[in-house]
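Participant:
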Amino acid sequence: MPRLFSELADLCEKLESTNSRKEKIKLISDFFGEFGSEEADEAAAAANLLVGLSSGVRKLGINVGPATLYRALRDQQSVLSPLT
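With the first letter of the sequence shown counted as 1, position 40 gets the number 40 in this note's numbering; the numbers rise by one all the way through.
#1: For a test of the three-state rule: what should DSSP assign to residue 35, helix, strand or coil?
#2: On the CB-based measure, 16 or more other CB atoms within 10 Å of its CB, does residue 22 come out buried or exposed?
#3: Skipping 5 residues on each side, what residues in its chain have a beta carbon closer than 8 Å to that of residue 18?
#4: Under three-state DSSP, which class holds residue 21?
#5: If the criterion is Cβ atoms closer than 7 Å, does the pair residue 31 and residue 43 meet it?
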């Protein structure tokens, strides 16, 4: 099932509402955990978007930098397993 941009926007709203880095990692990991192996391209695009926006996102109060995203992706092996 294709991921909608609104789902990524919902994730960003949740990220903005918490200051806890651990909670942000869990939210991101859960988000990417919903992707199946056949959706690896979509997962990569979403990850790329979050990384690309990392400096701009900080200004919005989401405070998700590349290190937080990478840790969440590392914790979420279902997305990465088809790529390895």
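Note that beta-carbon positions come from the ideal geometry of N, C-alpha and C, so glycine has one too. A quick note: this is a predicted structure, and the numbers were derived from the prediction, not measured.
Facilitator: Taking the coordinates as given:
#1: coil
#2: exposed
#3: 24, 27
#4: helix
#5: no
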